[in-house]
Every structure is written in structure tokens, then in C-alpha cells.
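Chains as they are written, first to last, in our numbering: chain G, 2 to 222; chain P, 2 to 222.
2 protein chains.
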Amino acid sequence: MAKTTKGEQTRTRILESALELFRERGYEGTTMRAVAESAGVSLGNAYYYFASKEHLLQAYYGNIHEQHAAVAGPILEQEKELEKRLKGVLRAKLAVIEPYHRFSGLLFRTAADPKSPLNPFGEESAEARSKGIDLYRAVLDGVKLPPDIAAELPELLWTYSMGIVLFWLHDDSPGRARTHALVDGSTELVVKIIRILSNPLLRPLRKSALEMLAAIRTPPS
Amino acid sequence: MAKTTKGEQTRTRILESALELFRERGYEGTTMRAVAESAGVSLGNAYYYFASKEHLLQAYYGNIHEQHAAVAGPILEQEKELEKRLKGVLRAKLAVIEPYHRFSGLLFRTAADPKSPLNPFGEESAEARSKGIDLYRAVLDGVKLPPDIAAELPELLWTYSMGIVLFWLHDDSPGRARTHALVDGSTELVVKIIRILSNPLLRPLRKSALEMLAAIRTPPS
DNA sequence: GTCTATAACCGGATAGAC
DNA sequence: GTCTATCCGGTTATAGAC
């Protein structure tokens, strides 16, 4: 019963008002005052629940991940081949975010700022990030790989998926055709490269790559 | 003599005050009021010369490329080996942008927004982008490569360099050690990969990669 | 201790007089 | 080309209600 305290309800009302207004008028076109009014609360009250306007966006993108995970689940249960699993998950992502293409620029805009709470590499998104990485761990589930790569690959694939999203943001081709070409082409390549790198002859190359990854990793704080 | 009209001088004064304050206090920490005061003009007058605070940043962006090209030139004249050429140019970039680390996030923030004129993939930066790509063309100058890759490589390297900068933005390790590890490790890898891909046996892989690149390329408008 | 409201602050941006 | 006055919206301080 702790789930629908009055506070929870108010919080939800504010968030939903905000998301609706964002969709209607875009992010910049939506004022915190309008959000508060539309939710039937005072401005100060809105700030009691959401520390900033950006945090409202963060909730918005949190939703996206949940939707993505929900759509990706069935795909992963059905497909066994790595390339299809990866491609399916990426296509699902594109489908989920498509309605928000218009103002997703805002995501990257803030995400690229190291100081923003939305920054996917920052502390505040640690949870969202690890959920995202988990999804790519699931993609690799049941795939045979040399153990040294296997440990690193989920995070690498997640990073790769972020690159795809960045490309998508800038893609205004009809039906997002260019991004789809990128997904189709790059998943094929990624899988081929993984296969090639799995070759024992290339173990030295793999090793130096993995050493680099260790060196650039953020020390756990 | 058209060069130093009163207007030009005022404009320069405002810009220099701004860049100095940005370096000292960061972008967000610098108010337009402070910029105006430090330049000895009124707030409104500052806006007469620069349409927004962001436009002040744009000026910085242009400076950086010029500095980078100037520093990179001598390096390329001296080094003959691809890995050293690439590493040298990337290190030069890091050296040039280091003083601005504190507020470069902001730059990227706007630059990553597809609607921003600063966005490096957009139309308005076409010239800046092609200059950047030219620099990596120069890096490859004199390097023997299969012609199919040779055509694509400058743009790929440029994109790769943007990735390095993105990483640097988020790097708060002492002396930017992690980014330097990334540069050292990744240039080595990049060169190895280019070598491997140059192997005639891998021509099919190369071919599908190049086909993908063609498919995702923005149609010339 | 959890929640809500009002008033004010601050800084980016604009209008319009000189 | 320069100024002053003002707007606007994100954010904060703070007082009090439940």
C-alpha cells in the first residue's frame, strides 16, 4: 500500500503533465510553471518532487528504457543467432524512440554535458546505464565467446548502441532509412569482427585491446 | 583600415573578456553581465555584438581548429610512421583544448543538438568539418593503403577523433591520464586494424563495410 | 517528518530611448 | 552603437499545513 501515498500520486501527476506538455510543445516550449499548473500544483511543489526540469526529462528517458526492455525480451527469447539478436534489439530501440525524434536532440544535448544529471556516463545515471548494459549482456546470452572478450563485450555493445542513437538523432532521412542501413550494416560487421577476433591467432591483438580498456576505465569511486 | 573600426574593437574586447572569464570561472559561472562589465560595455551592448551567450562559444570553436592545424603541421612534417602521425595529431588536439576542459562540455552540449548551428554534422559547419577531415587526410599522406579504404579513411579518422574528444570531455582523471591511455592504445589498435584490413583476404569484409558507409552517407543536398 | 504554497532571486534575453 | 529598464522562466528560500 505504500505505493500510492498522496505523494506518489502527486509525483505521478506532475510527471505525466510534463511528458504531455513536452510532446505537445517540446521541451524548451514547456515552462515549469505550465507543468505545475497543468498538474494542479504550485511551482514550488513541482520542485519538491523534481529537482530540476532536466530531472523531468530523465524520468522520460527512464520510461524509454523500460519500454525497450519490454519489447526486447520476446525478441531475445525467439532469436538464437547473435546477429539477429543484436539487430532485433537495436531495431526495437529505434522503434521505441521514434515518436520522440523531434526533441530527442535535447537528450544528447544535455547528455553530452559532463555536468548534467542525464549524462549517461555520470553517477546519477549509473543505474540506468547498468540496466542498459545488462540488456546487451542478455543479447550475448548463450553465445560462445573467448572469456576475455566476453567480460567486456556487454559494455562495448552498449556504447556501440549509444553511437547508433547519436547517429539517429541527426538522421532526417525518410523513414530514418540511413539509420536502418547503419544498423543492418553494422550489426553484420560487429558480428564478423567478433568472430575474427575470437580466432586464437589474434589473441595478442585482443590482449592489447583489453589492456587499453582496463587502462581507460573509470576507477570505481 | 576597415579592420579596426570602433565596432570591431568593441567586439574584440567583448570576446576576449568572455573567453578569459570562461577559462577562469567556466561557462555557467560566467554571466553575460560579468562579460559586459569586464569589457566595459553595457549588457545590452554585448548583445548588440553577440546574439547569445552561445555565439560567444562559437568564436572559441573556430579558434581551436586553427590552433590545432597550426600545431599539427610541423608534427606531420617530422613524423613518417602512421601511428606516430596519428598519435601526434591527436595529442596536439588534446593539448590545444586542455585549457578549455572546464567548459568544453557546454560546447559539445550545443554541438550535439541537431538543431544547433554548432552541430558538427550539420550544414552550417560543413566547412569546419571538411577542414577537420582534411587534417586527417594529411595524416594519411604518404601512407600506402588499398584504394578502397583510402577514400573513406579520412572521414572515419575524423569521426574517431570526435569520439576521443567526447571521452576527454568526461575525463576528470589527473593529467587526463585516461584519455592519454585511450589515445595511445587506440592509435595502436587503429593502425593494426588498418593493416589487417588491408590484407587481400579480407577484401569481402572491407567491401561490405564500404557498402554500408555509402548507404548511410548523407545525400549531398 | 511529509508535503504544499508564496514570494523572491538570478541571469539570459529584448525593447526602445538617445 | 550604446545605454537603461524590463521581461521571462528556471531555481531557491522559507513559512507553514497536514
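Glycine included, each C-beta is placed from N, C-alpha and C at the ideal position.
Decide if residue i is buried, meaning its Cβ has at least 16 other Cβ atoms within 10 Å, or exposed.
i	result
G/P115	buried
P/E9	exposed
P/G89	buried
G/K208	exposed
P/K7	exposed
G/Y137	buried
G/A182	buried
P/N277	The structure shown does not extend to residue 277 of chain P, since chain P is modelled only from 2 to 222, so the question has no answer here.
P/K94	buried
G/P220	exposed
G/D135	exposed
P/P175	exposed
G/T13	exposed
P/P148	exposed
P/S131	exposed
G/V36	buried
P/P155	buried
P/G41	exposed
G/G133	buried
G/K32	Before going on, a small fix: residue 32 of chain G reads as Thr here, not Lys. Exposed, by the Cβ-count rule.
G/R177	buried
G/A71	exposed
P/A96	exposed
P/M2	Its pLDDT being 49, under 50, P/M2 is placed unreliably in this model, and the value from its coordinates should be taken loosely. Looking at its Cβ environment, which holds fewer than 16 other Cβ atoms inside 10 Å, P/M2 is exposed.
G/A215	exposed
G/R86	buried
Three-state secondary structure (DSSP) at residue i?
i	result
P/V144	coil
P/G30	coil
G/E55	helix
P/K81	coil
P/P220	coil
P/S39	helix
G/M2	Confidence at G/M2 is low in this model, with a pLDDT of 42, below 50, so the placement of that residue should be treated as unreliable; the coordinate-derived value is given next. Note: G/M2 maps to coil in three-state DSSP.
G/N200	coil
G/S209	helix
G/A182	helix
P/A129	helix
Starting from residue i, follow the alpha helix (DSSP H) in both directions and report where the run begins and ends.
i	result
P/F23	7-26
G/N120	Counting along the chain, G/N120 falls outside any alpha helix (DSSP H), and DSSP gives it neither H nor E.
P/G176	Premise fails: P/G176 is in no alpha helix (DSSP H) and is neither H nor E.
G/Y101	No alpha helix (DSSP H) holds G/Y101; DSSP gives it neither H nor E.
For my contact list, residue i and residue j are in at a C-beta cut-off of 8 Å; report their separation, rounded to the angstrom.
i	j	result
P/L170	P/S126	Between P/S126 and P/L170 the Cβ distance is about 18 Å, and since that is not below 8 Å, they are no contact.
G/V192	G/E80	Not really, about 13 Å apart at Cβ, beyond 8 Å.
P/T1	P/L44	Since the first and last residues shown for chain P are 2 and 222, residue 1 of chain P lies out of range.
G/I197	G/L190	Not really, about 10 Å apart at Cβ, beyond 8 Å.
P/T47	P/I15	Per the sequence presented here, residue 47 of chain P reads as Ala, with Thr not at that position. Correct: roughly 5 Å between the Cβ atoms.
P/T11	P/Y50	7 Å
P/V140	P/L77	7 Å
P/I65	P/I98	6 Å
P/R179	P/D172	5 Å
P/L249	P/S199	Outside the displayed range of chain P (2 to 222) lies residue 249 of chain P, so it cannot be described from this structure.
G/L58	G/L107	7 Å
P/L211	P/E153	6 Å
P/L22	P/S39	6 Å
P/R24	P/Y101	7 Å
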